[in-house]
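See structure below.
Residue numbers (UniProt numbering): 1 to 128.
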């Protein structure tokens, strides 16, 4: 798979997330997916994303930076949203916050198998 092919798959994955097209998630996420070394599988990964949307109903993923080096993707995702309650241990309670997430993905068989992510919690703390 080329760098451009992998980047295109990733952009389609982000579109899938922003549309909340959960039935299509299996096109992008491996059955043995893990997040920050936690094995979740596809169903657990989907449940994690669905929980994120319950906690942040206006959640939209915006790619700020994307580096493709097969079989890996590195991305900086930008968010401008209003979590309804506690988010990353902070009482945001419906206030609008902007922050980034730095995330690395490893693909296997053309699907996301490993995800390592860090949310810029300090940026949120500075806004609340």
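Positions of the beta carbon are idealized from the N, C-alpha and C atoms, including for glycine.
Quick caveat, the model's predicted, so the values are computed rather than measured.
Mind pulling the beta strand (DSSP E) runs of 3 or more residues that sit fully within the stretch 14 to 101?
29 to 35, 62 to 69 and 72 to 81
Can you give me the C-alpha to C-alpha distance between residue 55 and residue 40, rounded to a whole angstrom?
Within the chain shown, numbered from 1, the residue matching residue 55 stands at position 55. Within the chain shown, numbered from 1, the residue matching residue 40 stands at position 40. Approximately 19 Å between the Cα atoms of the pair.
Under three-state DSSP, which class holds residue 112?
The count along the chain shown starts at 1 and reaches residue 112 at position 112. Strand.
Are residue 79 and residue 99 closer than 8 Å when you measure CB to CB?
Locating residue 79 in the chain shown gives position 79, counting from the first residue. Locating residue 99 in the chain shown gives position 99, counting from the first residue. Contact: yes.
Considering Cα atoms alone, identify which of 97, 111, 23 and 53 is closest to residue 123.
By one-based count along the chain shown, residue 123 stands at place 123. Cα-wise, what sits closest to residue 123 is 97.
DSSP-derived helix/strand/coil call for residue 128:
Working through the chain shown from its first residue, we reach residue 128 at position 128. Coil.
Checking the sheet assignment: what are the DSSP bridge partners for residue 9?
Position 9 of the chain shown, counting from 1, holds the residue named residue 9. Residue 9 pairs with nothing; no bridge assigned.
By Cβ distance, which residues of its chain are closer than 7 Å to residue 64, with the 5 residues on each side in sequence left out?
As a working note, residue 64 is residue 64 in the chain shown. Only 76, 77, 78 and 100 meet the Cβ criterion.
Apart from the five residues on each side of it in sequence, which residues of its chain come closer than 7 Å, Cβ to Cβ, to residue 131?
A question about residue 131 goes unanswered here, because the residues of the chain that appear run from 1 up to 128.
From 11, 29 and 12, pick the residue whose C-alpha is nearest to that of residue 109; which is it?
What you label residue 109 is simply residue 109 of the chain shown in a count that begins at 1. Selected option, being the one with the closest Cα: 29.
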